[in-house]
Amino acid sequence: MADDLAELRAGYEAVKRACRASWTSEETGNAIRSVARVSLAFLQNGCTTVDLNSRVPGKSYQGFRRRDAASVVSRPANRQYFLPDLRRIDSMWNEWERGRLSATDLPVFLYTVALSPCLALELFDRQNKKSPATYFECFVGHLIARAAGTEPRKRAVLPIQNHNVRLTMDFIFDLNEQASLHLAVKMSTRERVVQAWAHQRLLDSAYGVGRYRGLMVLFGETKLDSRSLEVVEICVPDQWLAYQALLAQMHRIYYFDPPERYRQLANEFPSLVNLQPFANFFTETASALGC
């Protein structure tokens, strides 16, 4: 297992280095593919699956345990989307690169590649939240950068009187002279998500509404009770509605595993909340980016 951990850590560090060099490059895509392959091989060969007790209507979840450390259970994986089969994911990846991946396979491919390194990394350190979140940000940042065809920056410049304030944000993409994209990436809305709306409000106030289009990409809202192995979704729809209506409006909100309560919110307030599965981004790229 020490070799597995070393290989995972090396793959994770390679992804970070590649992203620092270029978010759009083929090298970054190859680094992501490599660590996803290592992670899937580890989950297949070094772990056992755990049936989790889903309290989420219509969804079934599983977790993973290391064979040599059965007391530690990974975060939940939605059975509908997670495919712990390296051969099939490799095949999907080849189809993805050729632009031929089916609409049915796309959500499975994206979800599995996004989650597998998170599962593998945390099985060696369940309290390590940073590494899975950083990998997820790298994966999403790479995909959006490739779609936008430009490298992002991490700092926004806010003119205040005769002074320029520089503020760190997840991603800023300058698409053309008139349009830019503010991309916020979080594993869940429990991760200081109000920051995304606050950053959007700052951009709107500094440059006018519409100059920086806001997109937010989230993984899911599941929470696992490690003792009962129960899975629930933690949602705060009223809080979301207040942020979206009164603080700033994110143009699109994408989820890898969309919570039903937020789907209902989007249906109830369609002019305020546009929530989609992340796979839909690739069929509406131009309208999502606004270019």
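Counting the sequence shown from 1 gives a position; the working numbering is that position plus 56.
Heads up, the beta-carbon is just placed ideally off N, CA and C, and yes, glycines get one too.
Looking at 104, 126, 100, 130, the one whose alpha-carbon comes closest to that of residue 280 is 130. Under the 10 Å beta carbon count, residue 67 is surrounded by 16 or more other beta carbons and is classified as buried.
Rounded to whole angstroms, the gap between the alpha carbons of residue 347 and residue 235 is 8 Å. Residue 309 has 272, 331 as its beta-bridge partners, per DSSP. With respect to the 9 Å criterion, residue 231 and residue 212 are not classified as neighbours on the basis of their beta carbons.
Taking the Cα of residue 135 as reference, the smallest distance to any Cα among 338, 287, 322 is reached at 287. Here residue 120 carries a strand assignment [DSSP, helix/strand/coil].
When secondary structure is reduced to three states using DSSP, residue 277 falls in the coil class, being assigned neither helix nor strand. Classified as buried, residue 245 has 16 or more neighbouring CB atoms from the shown chains inside 10 Å of its CB. In this structure residue 179 is in contact with residue 120, their Cβ atoms being roughly 6 Å apart against a cut-off of 8 Å.
Taking 9 Å as the cut-off, the beta carbon of residue 142 is found closer than this to the beta carbon of residue 96. One thing to note: residue 253 has its Cβ no nearer than 9 Å to the Cβ of residue 201. Under the three-state reduction of DSSP, residue 185 is assigned to coil, being neither helix nor strand.
Annotation: the stretch 139–197 contains no complete segment of the beta strand (DSSP E) (minimum length 3 residues). Contact between residue 88 and residue 198 holds, with the beta-carbon distance rounding to 6 Å and staying under 8 Å.
DSSP places residue 87 inside the alpha helix (DSSP H), whose first and last residues are 82–102.
DSSP, reduced to helix, strand and coil, places residue 115 outside both helices and strands of the structure shown, so it counts as coil. If the five residues before and after residue 152 are omitted, its C-beta is found closer than 7 Å to the C-beta atoms of 165, all from its own chain and listed in chain order. Under DSSP, residue 236 forms a beta bridge with 230, 268.
If you ignore the 5 residues before and after residue 338, its C-beta comes within less than 8 Å of the C-beta of 162, 203, all in its own chain and listed in chain order.
Residue 183 and residue 108 have their C-alpha atoms spaced approximately 19 Å apart. Check the Cα spacing between residue 240 and each of 330, 92, 271, 233: the tightest is with 271.
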